[in-house]
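In our numbering, the protein residues as written are 251 to 439. Heads up, the beta-carbon is just placed ideally off N, CA and C, and yes, glycines get one too. Source: prediction; values computed, not measured.
Now the structure itself:
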């Protein structure tokens, strides 16, 4: 009986620790979301964002439902945002990726110089679009088509970059296909 109580207590403590991690992740995500959704132009409605009056929730839903992997990376290379498509493409959940250094998470050590040079240029205000090799959580090395642009705060100060990425192999298949043939991908909720 005593051992059974200890086991239940351990299970409760593990559940509480997992809940604490999830709450921390959600709080961090909400703080980051608030930081990155302060528009330079406000609408009449105080809780509405953007020119067409979309709510914060709509903005979050748009980012989560993009067909490309979307991530936001700060000036130190830490991942601040990671959408569902990024989870699917790279294999890491948002809770595993957020807060980690992008090079440590996705870049093969042989490619860190190239990654650093690209990020350095983006952090001078340039945009970069091209093919880049990454290493997925599974260990598989794939090439992505990435489109990375500088990210600025409301005052015009550079605070990081936004990167959209897609699996290059899928893009190649689409390009070789006849018109109106696409690639269907059903993402689980």
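Chain B within 9 angstroms of residue 315, Cβ atoms only
Absent from the structure: chain B. Only one protein chain is present.
Using a threshold of 9 angstroms, state whether the C-beta atoms of residue 321 and residue 412 are closer than that.
Yes, Cβ-Cβ distance for residue 321 and residue 412 is below 9 angstroms.
Consult DSSP for residue 445 and reduce its assignment to one of helix, strand or coil.
As displayed, the chain neither begins before 251 nor continues past 439, which places residue 445 out of reach and without an answer.
Does the segment 392-409 come within contact of the segment 372-379, defined as at least 3 CB pairs closer than 8 angstroms?
A contact between stretches requires three or more CB pairs, one per stretch, nearer than 8 angstroms, and the segment 392-409 meets this requirement with the segment 372-379.
Looking only at its chain, what residues have a beta carbon closer than 8 angstroms to the beta carbon of residue 427, apart from the 5 residues adjacent to it on each side?
Contacts found: none.
Straight-line CA distance for residue 252 to residue 387?
Spanning the alpha carbons of residue 252 and residue 387 requires a straight line of approximately 40 angstroms.
Residue ranges of each beta strand (DSSP E) run of no fewer than 3 residues wholly in the segment 367-398, ordered along the chain?
You should have 378-385.
Hey, quick one: how far does the beta strand (DSSP E) through residue 416 stretch, first residue to last?
Start and end: 408-417.
Taking Cβ positions, are residue 355 and residue 342 nearer each other than 9 angstroms?
Yes, the Cβ-Cβ distance between residue 355 and residue 342 is below 9 angstroms.
Roughly how many angstroms separate the alpha carbons of residue 288 and residue 307, rounded to a whole number?
Only weak support exists for where residue 288 lies, its pLDDT of 49 falling under 50; the coordinates are left without a value.
Around the C-beta of residue 368, are 16 or more other C-beta atoms found within 10 angstroms, so that it is buried, or is it exposed?
By the neighbour-count rule (16 or more Cβ atoms within 10 Å), residue 368 is buried.
Candidates 394, 326 and 383: which alpha carbon is nearest residue 358's?
Minimum Cα-Cα distance from residue 358 among the listed residues 394, 326 and 383 corresponds to 383.
8 angstroms Cβ shell around residue 402 - same chain, five flanking residues per side excluded:
If you ignore the 5 residues before and after residue 402, its C-beta comes within less than 8 angstroms of the C-beta of 408 and 409, all in its own chain and listed in chain order.
Measure the alpha-carbon distance for residue 303 versus residue 331 and round it to whole angstroms.
Rounded to whole angstroms, residue 303 to residue 331 spans 23 angstroms at the Cα level.
Length of the line joining the Cα atoms of residue 295 and residue 310:
Unreliable positioning characterises residue 295 in this predicted model, as indicated by a pLDDT of 41, which lies under 50. The coordinate reading is nonetheless provided below. If you take the alpha carbons of residue 295 and residue 310, they lie about 18 angstroms apart.
Would you say residue 417 and residue 339 are within 9 angstroms of each other, going by their C-beta atoms?
Yes, the Cβ-Cβ distance between residue 417 and residue 339 is below 9 angstroms.
Is it true that the CB of residue 319 sits closer than 9 angstroms to the CB of residue 335?
Going by C-beta atoms, residue 335 is nearer than 9 angstroms to residue 319.
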